[in-house]
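For our numbering, add 6 to where a residue sits in the first sequence, where the first one is 1.
All C-beta atoms in this analysis are idealised placements derived from N, C-alpha and C, irrespective of residue type, glycine included.
Read through the structure below, which is laid out as structure tokens, and then see the notes.
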Amino acid sequence: MRLSRYPINTAKESPADAEVISHKLMLRAGLIRRLAAGIYTFLPFGLRTVRKVEAIVREEMDRAGALELLMPAVQPAELWQESGRWEQYGPELLRLKDRHERDYVIGPTHEEVVTDLARRELKSYRQLPVNFYQIQTKFRDEIRPRFGVMRGREFLMKDAYSFHADEASLAEGYAAMKAAYTRMFQRMGLNFRAVRADTGAIGGSASEEFQVLADSGEDAIAVSDADDYAANLELATTPAFDGRRAPPTQALLKVATPGTRTIAELMALLQVPAARCVKTLIVEGAAGDVVALVIRGDHELNTVKAQKLPGVATPLRMATAARVLAATGTAPGFLGPVGLNCRIVVDHAAAALADFVCGANEPDVHLTGVNWSRDLPEAQTADLRSVVDGDPSPSGKGSLTIRRGIEVGHIFQLGRKYSEALKLTVLDPAGKDLTPLMGCYGIGVTRIVAAAIEQNHDDKGIIWPEPIAPYLVLLVTLNHERSEAVRAQADRLYATFSAAGIDVLYDDRDARPGVKFADAELLGIPHCIVIGDRSLAAGKLEYRNRRTGENSEIAVDEMVAEIRRRLGR
RNA sequence: CGGGGCGUGGCGCAGUCUGGUAGCGCAUCUGGUUUGGGACCAGAGGGUCGGAGGUUCAAAUCCUCUCGCCCCGACCA
Numbered sequence: 007m008r009l010s011r012y013p014i015n016t017a018k019e020s021p022a023d024a025e026v027i028s029h030k031l032m033l034r035a036g037l038i039r040r041l042a043a044g045i046y047t048f049l050p051f052g053l054r055t056v057r058k059v060e061a062i063v064r065e066e067m068d069r070a071g072a073l074e075l076l077m078p079a080v081q082p083a084e085l086w087q088e089s090g091r092w093e094q095y096g097p098e099l100l101r102l103k104d105r106h107e108r109d110y111v112i113g114p115t116h117e118e119v120v121t122d123l124a125r126r127e128l129k130s131y132r133q134l135p136v137n138f139y140q141i142q143t144k145f146r147d148e149i150r151p152r153f154g155v156m157r158g159r160e161f162l163m164k165d166a167y168s169f170h171a172d173e174a175s176l177a178e179g180y181a182a183m184k185a186a187y188t189r190m191f192q193r194m195g196l197n198f199r200a201v202r203a204d205t206g207a208i209g210g211s212a213s214e215e216f217q218v219l220a221d222s223g224e225d226a227i228a229v230s231d232a233d234d235y236a237a238n239l240e241l242a243t244t245p246a247f248d249g250r251r252a253p254p255t256q257a258l259l260k261v262a263t264p265g266t267r268t269i270a271e272l273m274a275l276l277q278v279p280a281a282r283c284v285k286t287l288i289v290e291g292a293a294g295d296v297v298a299l300v301i302r303g304d305h306e307l308n309t310v311k312a313q314k315l316p317g318v319a320t321p322l323r324m325a326t327a328a329r330v331l332a333a334t335g336t337a338p339g340f341l342g343p344v345g346l347n348c349r350i351v352v353d354h355a356a357a358a359l360a361d362f363v364c365g366a367n368e369p370d371v372h373l374t375g376v377n378w379s380r381d382l383p384e385a386q387t388a389d390l391r392s393v394v395d396g397d398p399s400p401s402g403k404g405s406l407t408i409r410r411g412i413e414v415g416h417i418f419q420l421g422r423k424y425s426e427a428l429k430l431t432v433l434d435p436a437g438k439d440l441t442p443l444m445g446c447y448g449i450g451v452t453r454i455v456a457a458a459i460e461q462n463h464d465d466k467g468i469i470w471p472e473p474i475a476p477y478l479v480l481l482v483t484l485n486h487e488r489s490e491a492v493r494a495q496a497d498r499l500y501a502t503f504s505a506a507g508i509d510v511l512y513d514d515r516d517a518r519p520g521v522k523f524a525d526a527e528l529l530g531i532p533h534c535i536v537i538g539d540r541s542l543a544a545g546k547l548e549y550r551n552r553r554t555g556e557n558s559e560i561a562v563d564e565m566v567a568e569i570r571r572r573l574g575r
């Protein structure tokens, strides 16, 4: 494409409401334009990258044997009522009425539609397993859309749904998808991890997220430095308390700690590290009672883990101050496990402590030199906290680091949630009804574009990974208005690359060199050829590599071959 | 939904406190000079100051209501 015929300008400044680098660069480089909150137009440059991502996704899905189809964005409410999600999904589901006052939704996901399709088409176990996928526009009315297309309300998603006769087949299909996803993200040149994820309300036995590592990511993940263990912080674990702890060396002591309610205040007053203190959190129990959760002072309660504990209310609710007073006789700030008259669950790390500090269940008093067994009974232990940097990996090898990630893919073993709700059955070999198991597999196509930029940029602009670059080669002419030779040479190269099917962008604008170089860097095309009188006089052209910064002179006659060599084609 | 902030040419902002009839940079257009890292000179177009109502001789500026956007949090898979 010739830039002189492209009407979208780049910008030196980015709009004030853009926060993360990918959003700023996408606006400045003219990849997207905002239409409404979380709703964006993809301009030609942006769309080209979207299409490249789609092509890779499609190739790998097809290779894995999945079948592409295209389902409607607008879906009748009846299906959602049948699955129960009309009530469950909440305000994120965009609902609308047609002219006959019939209810519809704009699909945030397609389990209902694909299961409806399956129950109409699939009759026999012989048709299983099968995996249907599509690349299609989704709408989720996010509470807070942000970061451009990273968390938009309307976005492109690849969603796939597999149907299986038994668990073994589901596990096989799931593994095939995991392998396909791994290949896709590798091909896109992304630095990512497959991380174990909470299955949440959807349930099911396995779920992994594909997280692109980036500081701006909205998810926290724990990554092992010694093997491939990686998990969402929501469920990352570290080895449990093994029963060994240091012997007591201090006597149990009551100390006056007036007004000292926080761990930070306690550390300052008693000159003890937070890791030697415990905090006692009172949460609502499932039976109308309360449960005390004991965590080391430097650790954070993990709500996902805590609410999975038997006897704890779901969702997790902290007890009110009044409830705490009624149950313990004292107010939050001076609670401790010693002599506490309710169910106590202790985090493994807190259980491993000796000579620790805690509240005395009396106002303005704490205990020091507290030891399990000696001063209070051993209590039930559990994994209650979020792991922190440096915790040992649960695999026993290496330690964990907390990283930020952008979730670009998520694979699930769904089980029979939707096949049961929508009464999908096929006949088994004995002629009996069989309710298939399902898996679902999502990829945020437009989010990948933003995630790729988060990971591939410098202070000048985007640095596209070759496989998803909107163009592979950029031709930049310098002062072609004054040089017929420059223009002719550039035109020839443009024709050559075009004929060879190599995506080439031709900056043939009547602009000054500085403008063209700045835009070249902003747009981030991997390979740039500069055609100017100066080098042309010596029979050379200039080659610039956006990623490595390489800047070399190559003979005119060799340039095309050199580019092809670098592109491997 | 709670808290905070912001709405002034396409973009970035000043002007608001202390009312006096809208300005700067970028971008765009015209002419000229320039030409290997976002040129310079001269000129031009473009804004009912988010919207509605009110106060006032006079409102971007003060008051009321309202809409939109952004940030933090809660919520959500």
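Would you identify the three-state DSSP class for His486, choosing helix, strand or coil?
DSSP places His486 in helix when its eight states are reduced to three.
Provide the residue(s) that pair with Met324 in DSSP beta bridges, ordered along the chain.
BP columns for Met324 point to Val289.
Report back the beta-carbon spacing between Glu60 and Ile141 to the nearest angstrom; my notes put them in contact at under 8 Å.
5 Å between Cβ atoms; contact.
In or out: Gly154 buried (at least 16 other Cβ within 10 Å) or exposed?
That one is buried.
I'd like to confirm the pairing. Which residues does DSSP put opposite Glu215 in its beta bridges?
The partner list for Glu215 (beta bridge, DSSP) reads Val201 and His416.
Between Asp248 and Ala262, what straight-line distance do the alpha-carbon atoms span, to the nearest angstrom?
Using only the alpha carbons, I get a separation of about 33 Å.
Keeping to the same chain, check which residues put their C-beta closer than 7 Å to that of Pro442; ignore five residues upstream and five downstream.
Excluding positions up to five away in sequence, the list reads Leu134, Phe169, His170, Ala171, Ser425, Leu430 and Val432.
Are the beta-carbon atoms belonging to Arg391 and Asn308 less than 7 Å from one another?
In this structure, Asn308 lies closer than 7 Å to Arg391 by Cβ.
With a cut-off of 8 Å on the beta carbons, I'd call Glu487 and Asp516 a contact; round off their distance for me.
Going by Cβ atoms, the distance from Glu487 to Asp516 rounds to 6 Å, so yes, they are a contact pair.
Could you have a look at Ile269 and say whether DSSP puts it in helix, strand or coil?
If DSSP states are grouped into helix, strand and coil, Ile269 belongs with the helices.
Exposed or buried, what is Leu102 when buried is set at 16 or more other beta-carbons lying within 10 Å of its beta-carbon?
Result: exposed.
Tell me the DSSP bridge mates of Phe362?
Phe362 pairs with Val376.
How far does the beta strand (DSSP E) with Glu559 in it extend, from its first residue to its last?
Looking at the DSSP string, the run of the beta strand (DSSP E) that includes Glu559 is Asn557 to Ala561.
Between the stretch 534-547 and the stretch 484-504, can you find at least three pairs of beta-carbon atoms closer than 8 Å?
Cβ pair count under 8 Å is three or more, so yes.
May I have a chain-ordered list of the alpha helix (DSSP H) segments no shorter than 4 residues that lie completely inside the stretch 416-495?
Complete alpha helix (DSSP H) runs here, min 4: 423-427 and 451-461.
What is the rounded straight-line gap between the Cα of Tyr500 and the Cα of Asp513?
So the two alpha carbons sit approximately 10 Å from each other.
Quick check on DSSP: helix, strand or coil for Met77?
Met77: coil per DSSP, three-state reduction.
What did DSSP end up calling Lys18 once you bin it into helix, strand or coil?
DSSP places Lys18 in coil when its eight states are reduced to three.
Quickly, what does DSSP pair Leu259 with across the bridge? List them, please.
For Leu259, which the question treats as bridged, DSSP gives the partners Thr374.
Compute the Euclidean distance between the alpha carbons of Arg552 and Phe523, then round it to the nearest angstrom.
Their Cα atoms are separated by approximately 11 Å.
Please identify the residue among Trp92, Glu127, His106 and Arg125 whose C-alpha is closest to the C-alpha of Gly615.
Outside the displayed range of the chain (7 to 575) lies residue 615, so it cannot be described from this structure.
Within 10 angstroms of the Cβ of Met30, are there 16 or more other Cβ atoms? Answer buried if so, exposed if not.
A small correction: the amino acid at residue 30 is Lys; Met does not occupy that position in the sequence shown. Buried, by the Cβ-count rule.
In whole angstroms, what is the alpha-carbon distance linking Lys144 and Glu98?
So the two alpha carbons sit approximately 12 Å from each other.
Is it buried or exposed, Ala58, if we count other Cβ atoms within 10 angstroms and call 16 or more buried?
According to the sequence displayed, residue 58 carries Lys and not Ala. Buried: at least 16 other Cβ atoms inside 10 Å.
Whole angstroms is fine: what's the gap from Ala281's alpha carbon to Asp165's?
Answer to the nearest angstrom: the Cα atoms are 45 Å apart.
Exposed or buried, Gly71, counting other C-beta atoms within 10 Å across all chains shown (16 or more means buried)?
Counting Cβ neighbours within 10 Å, Gly71 comes out exposed, since fewer than 16 surround it.
Is it the case that the stretch 176-190 contacts the stretch 362-380, given that we only count it when at least three CB pairs across the two stretches are under 8 Å?
Too few Cβ pairs lie closer than 8 Å, so no.
Confirm, please, whether the CB-CB distance from Met7 to Leu511 is below 7 Å.
Closer than 7 Å, so yes.
Straight-line CA distance for Arg349 to Ala181?
For Arg349 and Ala181, the distance between alpha carbons rounds to 41 Å.
Do you know how far the Cα of Ala22 is from the Cα of Asn137?
Their backbone Cα atoms lie some 44 Å apart in a straight line.
Is Ala185 near the ligand HEM, judged by its Cβ being under 6 Å from some heavy atom?
Summarising the ligand content, the structure contains no ligands, and the ligand HEM is consequently not present.
Taking the alpha helix (DSSP H) that Gln192 falls in, what are its first and last residues?
Where Gln192 is concerned, the enclosing alpha helix (DSSP H) stretches over Glu173 to Arg193.
Is Asp233 closer than 7 Å to Lys423 when the C-beta atoms are compared?
No, the Cβ-Cβ distance between Lys423 and Asp233 is not below 7 Å.
By how many angstroms is the C-alpha of Ser213 removed from the C-alpha of Gln495?
Cα-Cα distance, rounded: 55 Å.
Give a yes or no on contact between the stretch 334-350 and the stretch 361-368, applying the rule of three or more CB pairs nearer than 8 Å.
Enough Cβ pairs lie closer than 8 Å, so yes.
For Ala456 versus Ser28, is the C-beta distance shorter than 7 Å?
Closer than 7 Å, so yes.
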